[in-house]
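Student: These protein sequences, in sequence, are chains A and B.
In this note's numbering, each residue's number is its place in the first sequence (first place is 1) plus 652.
In this note's numbering, each residue's number is its place in the second sequence (first place is 1) plus 234.
Built from N, CA and C at the ideal position, the CB exists for glycine as well.
Computed from a predicted structure; not experimentally measured.
The structure under discussion is supplied below as C-alpha cells; questions concerning it will follow.
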Amino acid sequence: MDGPEPDETRDTAPSPADVEDPDAVDADTGEGELERTIGLAGGLAIGIGTMIGAGIFVFPGLAAENAGPAAAASFAIGAVVALLVALPAAELATAMPRSGGGYFFISRGLGTGPGAVVGLGLWLGLVFASAFYLVGLGSYAGQVFLEAGIALPVDPAVPLGVAFGVGLTALSVFGTENTAALQNAIVIVLLVILTLFLSYGSLDALGVFGAESTPERFFPPGGALPVLQTAALVFTSYLGFAQVATVAGDIKEPSRNLPLAMVGSVVVVGVFYVVTIFVATSAFGSARLGEFGETAMVEVAREFVGFPGALAIVIAGLLATFSSANASILSASRAVYAVSRDDLIPEAASRVNLAYGTPHVALGLAGGPIVVLAATGQVELLAEVASFLHLVMYGLLCVALVRLRREQPDWYAPAFRCPAGVPVAAVGGVASFALIAFMQPASIGVGVAIMVAAYGWYRYYATDVELRGDF
Amino acid sequence: MSDTPANDDEAQPGTGEDDSGPEPDGEGPPESGGDARPDPDRPSVLVPLAVLEGESLPTGTPELLANARVVLLGYHVIPDQTATEQAREQFGEKAMSKLDEFAARLAAAGADVETRLVFTHDKETTVDRLSYEYDSLAVLVPNSTDRVESVLVALRGTVGASRNARLVAGLFADAGVAVTLYHALDEGESRGDGEAFLNGVKSDLAERGVDSDRVELVVETGDVPIDDIASRAESHDAVVMGETDPSVTTFVFGMPSEQIAERFLGPVLVVQRERPEE
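Structure follows, in C-alpha cells:
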C-alpha cells in the first residue's frame, strides 16, 4: 500500500480556498473537520509542564557546580534567548497554526532541505530531551527509596529511568483516556508547591528568619565563560514553548492563545528558575550543591523545613519530571507524524490503529531510542544534544521569519506580529547559534552527526518533495 | 393521514442559523393543519453519532425526526497523543460515506438533513459548538425504538418550557403522537401549582397545533425525579427533557439525561437552554 495519490496533497499553488480564517475550526475538506480543544490554560500547562521539570528539579546542582551563584545569570540568559525566539515563533505559529511546530514553519518558509534537517532533528532532539527527563525522573524515584531508608546496592536512577521510559511509551500507545486534565492538575500542584517553597526560601535567604546567609562570590573563578557554558547546558529547560507550537492545530483561537501561551510559559518558568538558583545557592555553597547532583533541591528543602519539605520536593520532582518526559514523548511522536505526512519518511510511520486511536508506529519510533539513550545515563550529554538540535531549529526559525517578512507571500498573514520582528529575529537567530558554540565538543559532535545524517536521508529519500510555500 | 411535508423551496439563503429569532412566539402561530410549513419553523435537532465506533442510526430515528431539521454530527474522539489531522487522513473517507448513508435514510423519512463530520479530542466541546452554531432546540441521545406513538415530556419549570413546546409541536403535531406532560413537584409546590403549569404548556401546545385530546397531564411528588422519569418512560416510545446545569452531582453521576437514556434504552431528546445573545 505505497503512495496512494501522492499528488493530491501537493499542489504548490495556494488556491484562494486554502486561505482560511486561522481562527475557524479547520474547514471541512469533504472528509471532516478538526475540533480545536485546547484553551489558553491548556496551552500554558503544556509549555510550563514540559519545561519546569528540568530547570528546577534536575539542573540546580549541576549548574551551581559549574557557575556558582552566577548560574542564576545563566538561566536568565537562557530565558532571554528563549523569549527572542518565542516571539518570532509565535508570529509564525499564528500564520501557520498547524501541528508540527518549528518543522512546519521552516519547511514551508525555507524549503524541504532545511525542513528535513529540522524535522528529523526535532524528533531526535525530543528523544534526547525525553531521555534526559527520564534520568531525572529516575533520580527522584531513587530518592524515594533513600527517604524511606531502603539502601540499594546500585544507583537506581538509570534503571528506574529506563523502566519509566518503557512504561510511559506503553501508556501512550494503549492509554486512550485523555490526559489533558491530568496535565493541567499536575502543573497547578507544582506551581503551588514551588511558590510556597520559593517564597519561604527567598525570605529566609534575605534574612527575614534570622541571620542573612553570606553570599559567596557571585561570579565563578573562570569569569563569564562558565556562565555562558552553563547557559548552553541549561537551555534544555526552555525547550517547552516550542511544544506548544507542535499542537498548534489543537489550540482554540490560535491567533490569541498561541502567542500568549508560548511567551507566557517562558516568562513564568524563567522567573521560577532564577529564583530557584538564588534560593539554592544561598542555602548551600555551590560545591556542596554540585555534590548533591540531580536531586540537590531535595537537600535545599530539607535545610529549610526539614523532612516535610524534602518530601514535598521529592513529590514535586516526580510529578515535574514525569510530566516533562511524557509531554516530550508525545511531542516526538507528533514530530514523526509531521515529517511522515509530508512524505519525508515512509507513510507507515504515521499509521493510527483503530482499536486505540493512537499512532503506535510513531510512538515506537520515539519510545525505542528514548529508552536506549536513557540507559546511557549521560545527563549532561543528553541535555546538550537536545539543546543543540532545538537551537538549530530556533536559529532557522528566525531565518524563516526574516525571509517571510521580506518576501511577503500571499498565504503569509500572521494574526500576531512580533514587535520589531526582523531585528528580534536577527538577534534571536544569532544568539541561538552562538549558544551552541559554548557546548562541550562531544555534544556538538553528536549534534552535527545527526544533522548530517538527516540531510543525507533527505538527499537519498525525499529530493522530489517540494514543501516551500506549500500551505 | 399522510404527513409528508411538502418539500417547499423556501430554502434559507446561506447561513440560516443566525437570523431566526429566538422566540417567534408573538407572531401568529403556524396555521394549524397547514402542511406547507416554511423550513425555519422546523425544530433543529442535533444527532451526534460515534460513526467510527460502529454506532449507527438506531431503528426508529428517521420516523422520530421526520419533521425536524436534523444536523447529523458524525464524530470521532481521538486520544490526546494523536493529531486530529492524522485520524482524518486515515478514516475521513470511510466515516463520511457511512454518514452519507445515514443522512439518506433520514431524508427519505422526510427530514431536512445537514451532515457534519468532526474529529475531536473532546465530544462535549464539539456537541456544544455545533448545537450553538445551528441554534439547535434539542440534542438527541440516539437509542432505538420500534414505533413513535407516545412521548413523555418531563418539564421542570416555566424556564425553557416554551422551547420544549416548540420542539414537541414541531416534531409531533402532525404525526398523531400521544403526548404526556410530566412534572415532579418541587418542595413547597402544591399539586394545584403543578397542574396550572402543565395546563399552560398544554394550551401553548394547542396553539402550536397539537390536538389537546392527545395531551395527558401527570403531576407527581417524588423524591428522585430521575427514577420516576425512567420508570414512567418504560410505557412510552421517546422522552423529551431539559438540559441540566453541570454541578458536582452531574460530574459524579453523569447528566440526568444520560442516566435516563441508559435505563430507558429509548431515544431521549435533550432540550437545550436558550443561548445568550452575544
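1. Could you check what DSSP says for T455/B in three-state terms: helix, strand or coil?
2. On the DSSP letters alone, give me the boundaries of the alpha helix (DSSP H) that L298/B sits inside.
3. Identify, in the order they occur along the chain, each residue of the same chain with its Cβ nearer than 6 angstroms to the Cβ of Q493/B, setting aside the five sequence neighbours on each side.
4. Using Cβ-Cβ distances below 8 angstroms, what residues of the segment 340-365 of chain B are close to chain A?
5. Measure the alpha-carbon distance for E348/B versus P277/B and round it to whole angstroms.
6. According to a CB-to-CB cut-off of less than 7 angstroms, which residues of the segment 983-994 of chain A neighbour chain B?
7. Less than 9 angstroms between CB atoms is the rule here; does A321/B satisfy it with respect to chain A?
8. Is DSSP giving S491/B helix, strand or coil here?
9. Would you mind working out which of A1114/A, E685/A, A939/A, M703/A sits nearest G922/A, comparing C-alpha positions?
10. For a contact defined as C-beta to C-beta under 9 angstroms, what are the partners of G832/A on chain B?
11. Could you please give me the residues that DSSP links to E348/B through a beta bridge?
12. Which whole-angstrom value is the C-beta distance of A706/A and T888/A, which I expect to be below 8 angstroms?
13. Does the separation of the CB atoms of S491/B and V305/B fall below 9 angstroms?
14. Can you give me, in chain order, the residues of the segment 277-294 of chain B that have a beta carbon less than 9 angstroms from any beta carbon in chain A?
15. Around the C-beta of F878/A, are 16 or more other C-beta atoms found within 10 angstroms, so that it is buried, or is it exposed?
16. For V1104/A, which residues does DSSP report across the bridge?
17. From P282/B to C1070/A, what distance separates their C-alpha atoms?
18. Can you tell which of A738/A, A716/A, G694/A has the C-alpha that lies nearest to the C-alpha of M1045/A?
19. Interface residues of chain A around A317/B at Cβ under 7 angstroms?
20. Would you check whether the ligand PLP has a heavy atom nearer than 8 angstroms to the C-beta of G476/B?
21. Within 10 Å of its beta-carbon, does Q1060/A have 16 or more other beta-carbons around it, so buried, or fewer, so exposed?
22. Identify, in the order they occur along the chain, each residue of the same chain with its Cβ nearer than 6 angstroms to the Cβ of I838/A, setting aside the five sequence neighbours on each side.
23. At a Cβ threshold of 9 angstroms, is V413/B touching chain A?
24. Compare the beta carbon distance of P501/B and P292/B with 9 angstroms and say whether it is the shorter of the two.
25. Give me, in chain order, the residues of the same chain whose beta-carbon lies closer than 6 angstroms to that of S782/A; leave out the 5 immediate sequence neighbours on both sides.
26. Around the C-beta of G288/B, are 16 or more other C-beta atoms found within 10 angstroms, so that it is buried, or is it exposed?
27. Is it the case that the Cβ atoms of A964/A and G753/A are separated by a distance below 9 angstroms?
28. Applying the 10 Å Cβ sphere with the 16-neighbour rule, what's the burial state of T973/A?
29. Determine whether the Cβ of V1023/A lies closer than 9 angstroms to any Cβ atom of chain B.
30. With burial defined as no fewer than 16 other Cβ atoms inside 10 Å of the residue's Cβ, what is the status of Y1110/A: buried or exposed?
31. For a test of the three-state rule: what should DSSP assign to P712/A, helix, strand or coil?
32. For L389/B versus L405/B, is the C-beta spacing smaller than 9 angstroms?
33. Below 8 angstroms on the Cβ atoms is my guess for S392/B versus F353/B; work out the distance and round it to an integer in Å.
34. To the nearest whole angstrom, what separates the beta carbons of L778/A and S917/A, a pair I think is in contact under 8 angstroms?
35. Between the Cα of A412/B and the Cα atoms of E429/B, F498/B, V382/B, which residue gives the shortest distance?
36. Measuring only between beta-carbons, confirm whether I690/A sits less than 9 angstroms from chain B.
Tutor: Working from what's here:
1. As a first step, residue 455/B must be located in the second sequence, where it is residue number 221. Of the three classes helix, strand and coil, the one that applies to T455/B here is coil, per DSSP.
2. As a working mapping, residue 298/B is identified with position 64 in the second sequence. In the DSSP annotation of this structure, the continuous segment of the alpha helix (DSSP H) that includes L298/B starts and ends at 295-298.
3. If you number the second sequence from 1, residue 493/B lands on position 259. Cβ within range, chain order: I460.
4. With the criterion set as a beta carbon lying under 8 angstroms from some beta carbon of chain A, the members of the segment 340-365 of chain B are R350, L351, V352, F353, T354, H355, D356, T359, T360, R363, in sequence order.
5. Counting from 1 along the second sequence, the entry for residue 348/B is found at position 114. Counting from 1 along the second sequence, the entry for residue 277/B is found at position 43. Looking at the two C-alpha atoms, the distance is approximately 13 angstroms.
6. Listed by position along the chain: S985, R986, Y989.
7. As a position in the second sequence, residue 321/B is number 87, starting the count at 1. Yes, A321/B lies at the interface with chain A (some Cβ there is under 9 angstroms from its Cβ).
8. Here residue 491/B corresponds to residue number 257 of the second sequence, with the count starting at 1. Helix, per DSSP.
9. The residue given as residue 922/A occupies position 270 in the first sequence. Of the candidates A1114/A, E685/A, A939/A, M703/A, the one whose C-alpha sits nearest the C-alpha of G922/A is M703/A.
10. Residue numbering aside, residue 832/A sits at position 180 when the first sequence is read from its first letter. The displayed chain sequence assigns Ala, not Gly, to residue 832/A. Residues of chain B passing the Cβ test: D314, H355, D356.
11. On the second sequence, residue 348/B is found 114 positions in, with the first residue counted as 1. DSSP lists V305/B as partners of E348/B.
12. Residue numbering aside, residue 706/A sits at position 54 when the first sequence is read from its first letter. Residue numbering aside, residue 888/A sits at position 236 when the first sequence is read from its first letter. Correct: roughly 5 angstroms between the Cβ atoms.
13. The residue labelled residue 491/B in the question sits at position 257 within the second sequence. The residue labelled residue 305/B in the question sits at position 71 within the second sequence. Between S491/B and V305/B, the C-beta gap is not smaller than 9 angstroms, which leaves the two residues out of contact.
14. Taking 9 angstroms as the upper bound on Cβ-Cβ separation, chain A lies near residues L286 of the segment 277-294 of chain B.
15. Taking the first residue of the first sequence as 1, we reach residue 878/A at position 226. This sequence places Pro at residue 878/A; Phe is not what is there. By the 10 Å Cβ count, P878/A comes out buried.
16. Start at 1 with the first residue of the first sequence, and residue 1104/A comes out as number 452. Bridge partners of V1104/A: none, in fact.
17. Looking up residue 282/B in the second sequence gives position 48. Looking up residue 1070/A in the first sequence gives position 418. Looking at the two C-alpha atoms, the distance is approximately 41 angstroms.
18. Locating residue 1045/A in the first sequence gives position 393, where the first residue counts as 1. For the set A738/A, A716/A, G694/A, the Cα lying nearest the Cα of M1045/A is the one of A738/A.
19. Residue mapping note: residue 317/B aligns to position 83 of the second sequence, counting from 1. Within chain A, the residues placing a beta-carbon under 7 angstroms from that of A317/B are S751, G901, R986, Y989, ordered along the chain.
20. For the ligand PLP, the structure offers nothing, since it holds no ligand at all.
21. Your numbering for residue 1060/A matches position 408 in the first sequence. It counts as exposed.
22. For the purposes of this step, residue 838/A is identified with residue 186 of the first sequence, where counting begins at 1. Listed in chain order, the non-local C-beta contacts of I838/A below 6 angstroms within the same chain comprise L971, S975, local neighbours out to five positions each way being set aside.
23. Position 179 of the second sequence, counting from 1, holds the residue named residue 413/B. It does not: the Cβ of V413/B has no partner Cβ on chain A nearer than 9 angstroms.
24. On the second sequence, residue 501/B is found 267 positions in, with the first residue counted as 1. On the second sequence, residue 292/B is found 58 positions in, with the first residue counted as 1. Closer than 9 angstroms, so yes.
25. As a first step, residue 782/A must be located in the first sequence, where it is residue number 130. The residues are A977, S980, I981, I1022.
26. Position 54 of the second sequence, counting from 1, holds the residue named residue 288/B. Under this definition G288/B is an exposed residue.
27. Position 312 of the first sequence holds residue 964/A. Position 101 of the first sequence holds residue 753/A. In terms of Cβ geometry, A964/A and G753/A do not form a close pair [threshold 9 angstroms].
28. In the first sequence, residue 973/A corresponds to position 321, counting from 1. Buried, because 16 or more other Cβ atoms sit within 10 Å of the Cβ of T973/A.
29. Position 371 of the first sequence, counting from 1, holds the residue named residue 1023/A. Not an interface residue.
30. Walking along the first sequence from the start, residue 1110/A turns up at place 458. Taking all protein chains in view, the Cβ of Y1110/A is crowded by 16 or more other Cβ atoms within 10 Å, so the residue is classified as buried.
31. Looking up residue 712/A in the first sequence gives position 60. DSSP, read as helix, strand or coil, puts P712/A in helix.
32. Taking the first residue of the second sequence as position 1, residue 389/B is located at position 155. Taking the first residue of the second sequence as position 1, residue 405/B is located at position 171. It is not a contact, given that the beta carbons lie outside the stated cut-off.
33. Here residue 392/B refers to the residue found at position 158 when the second sequence is read from its first residue. Here residue 353/B refers to the residue found at position 119 when the second sequence is read from its first residue. Strictly speaking, residue 392/B in this sequence is Thr, with Ser absent from that position. Between F353/B and T392/B the Cβ distance is about 40 angstroms, and since that is not below 8 angstroms, they are no contact.
34. Indexing the first sequence from 1 puts residue 778/A at position 126. Indexing the first sequence from 1 puts residue 917/A at position 265. In fact, because the Cβ distance is near 17 angstroms, the residues do not count as touching under 8 angstroms.
35. Within the second sequence, the letter at position 178 stands for residue 412/B. Of E429/B, F498/B, V382/B, the residue nearest in Cα terms is V382/B.
36. Taking the first residue of the first sequence as 1, we reach residue 690/A at position 38. Judged by the 9 angstroms Cβ criterion, I690/A is in contact with chain B.
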